[in-house]
Structures are given as structure tokens and as C-alpha cells.
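Enquirer: Pasting in a structure now, in C-alpha cells, and then I'll have a few things to ask.
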Amino acid sequence: MKTTPSSSPLGDFIKSRRERLQPSEAGIQPLPGRRRTPGLRREEVSFLANMSVTYYTWLEQGREVNPSPEVLLNISNALQLDEDEQKHLFDLANVDPASAGAVPNGEGSDHGILQKIVDQLQYPSFITDAGTDVIAWNRAAELIIADFGNMPENERYMLNVIFFKEDYRRRLVNWESFARYAAAVLRASFDRSKDNPLYTERFERLRRESADFEYFWNLYEIRQKRVTTALFRLPDGQEMEFMLHSAAVIDSDPDLHWCFFVPVPGSGTEERLLSLLEKDRLLE
């Protein structure tokens, strides 16, 4: 495809998609006159995307480089982009699709597959989504971290577990430093997710009902997710110390995070964990 000196990667991309889409496929009557280019005209795309022809033309020509999330979503719908193309469009504009309420066209990640992933580890492991909902976990996570399986689904999210579940607070010896770290991580990602109604509702509850969260939040600390430590004391008095690792982007979904707890070498944690899991198997 030929480009002009004033074009941009975003402009080139939407032009290529405009030229492949026929008026009949877009559900509109072709404008009168001889069509000198394949596909839709700019006027037709701007009509479908509910924007001015001038603005859309500027986008194609690279004269406008900061389109809003809503504009990008309208263009995506007008050009009938699939899930991969929509993500590429937002990536070219350096915009988070979630800020426009963009919903993947596919069925999303298969939770059954995710469950099989965490079941492969003998170490405590779970996977969370964008709202910190725990969507997959293994038996070790239930024994060491929290009894996710017996929690109501609407309470099974990590921000709730950290700040409102007393059993978790009692188990986690270094709860204060860990909760402070969690609030700082939330600070770092909050602006990218604050337009999500569920995220906002949970955040407001934290500020309203947890004095600890409100205190940590007002420190205005910023932390990216990194390796941190968690020391758990189980009801029988055993202590286990783990390094918490987080892997982002699972199953091509950037909203998923895989958390796994690796025993600290030399702490005796691995031996105690294996013994605990063996006893649990014998009780099944």
C-alpha cells in the first residue's frame, strides 16, 4: 500500500480497512457518482462512525494523532474490525481499550484451561482478572492463603480478601506491609481502570469501609507489581514464607495475572508445604 509523507501507522491502518469494506457489507446505500477507490468512501465511514468528514480525514492523513477512546471505538465498529484488529487500532493510538468500554468479540479466556494451569503447580497459585477476582486457584492456595472455594463469588476478589477477610489478616504475619504494597500497586494502575464501574464500586467501598486502606491510599505511594514476600502463620502455628511472583498477560489477555507463591529457600517452607499437601490428600 502506498503511503504519503503525512500519513501515520494509524491512518494507514484505518485506510486499508476502509478500502476492503464494501457499502453493501456496511449496510448503507452507496453515495452517487463514480467510485475511484475500492471499498467505502471517507464520507461513508464518517457517517457510520458519527463524526465529521474533516476529522476522519485528518486521522487518515496523520494530522490528528490523539483520538479519544470513544472515537476509536466508533471507527472500529464502523469498519467492522475483529477483536485482533480492534486491539491493534487502540495500540496504534496508545489507548487502553477498556477506557472506551471495548468488549472482546470472542468468548474470552477458558477458565477450565486456566484452572488446569494452576493445578500443575504444587506451590500456592491463583489467577485474577482486571477486577482482582480470583477466577482459578489450586488446593495449596486454599490451604495457605484463603479458602477461595467457600467464599461467595461476589466476595472472591483479592482487594476484598486483603482488607476485609479477618482470617487472611491473621494468617499473613506481614499483613501491614503487604496491604500497603497492594494499595500502592492499585495507585499505579487506578487511572487506567477508573472508568470501569465495577472497579470504581469496589474502590469506593474500600475507601468507605476500610480505615487501613484509606490511610495507605492517602500516602500516595506508587509501586509496580514486583517480587515481594509473604509470611503466613497457619492455624496449627506453622509458619511458611513465600516469594510472591506475578506473571502478566495470560492466554493473550492483558487483564489476567497469574500469582504464584514460591517457598523462600532455606526457610523450611517447601518441606512443610509438601507435608501439609500430603496430609490433605490422605484426608480426601
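Last residue of the sequence shown: number 295 in this note's numbering, and the count goes up by one each step with no gaps. The C-beta atom is built at its ideal place from N, Cα and C for all residues, glycine as well.
#1: Using a Cβ-Cβ cutoff of less than 8 Å, which residues in the same chain neighbour glycine 117 once the five nearest sequence positions on both sides are dropped?
#2: Under 8 Å between the Cβ atoms of leucine 70 and alanine 89?
#3: Inspect the beta-carbon positions of cysteine 270 and phenylalanine 137 and report whether they are closer than 8 Å.
#4: For isoleucine 138, name the three-state secondary structure that DSSP assigns.
#5: Which residues bound the alpha helix (DSSP H) around phenylalanine 189?
#6: Label valine 145 either buried or exposed according to how many other C-beta atoms from any shown protein chain fall within 10 Å of its C-beta, with 16 as the threshold for buried.
#7: If you reduce the DSSP assignment to three classes, tell me which class valine 64 lands in.
#8: Spatial neighbours of leucine 217 within its chain, please: CB distance less than 7 Å, with the 5 preceding and 5 following residues excluded, ordered by chain position.
#9: If we ignore side chains and look at the alpha-carbon of each, how far apart do alanine 241 and leucine 103 end up?
#10: Starting from aspartate 266 and walking both ways along the alpha helix (DSSP H), at which residues does that stretch end?
#11: For the alpha helix (DSSP H) containing alanine 152, name the first residue and the last one.
#12: Applying the criterion that 16 or more other CB atoms from any shown protein chain within 10 Å of the CB defines a buried residue, is threonine 139 buried or exposed?
#13: State whether the stretch 198–212 contacts the stretch 220–236, with contact taken as three or more CB pairs (one from each stretch) at a distance under 8 Å.
#14: Using the Cβ count rule (16 or more neighbours within 10 Å means buried), how would you classify isoleucine 124?
#15: Among Gly22, Leu154, Arg29, whose alpha-carbon lies nearest the alpha-carbon of proline 246?
#16: Based on DSSP bridge pairs, tell me the residues matched to alanine 259.
#17: Quick one, are the C-beta atoms of tyrosine 168 and arginine 213 less than 8 Å apart?
Expert: The short version:
#1: Summary for glycine 117: the model assigns pLDDT 43, below 50, so the residue's position carries little reliability; its value from the coordinates is reported in the next sentence. Cβ neighbours of glycine 117 beyond the five flanking positions: Glu94.
#2: no
#3: yes
#4: strand
#5: Its alpha helix (DSSP H) spans residues 186–204.
#6: buried
#7: helix
#8: Leu170, Phe174, Phe224
#9: 39 Å
#10: Careful: aspartate 266 lies outside any alpha helix (DSSP H), inside the beta strand (DSSP E) at 264–274.
#11: 150–155
#12: buried
#13: yes
#14: exposed
#15: Leu154
#16: His268
#17: yes
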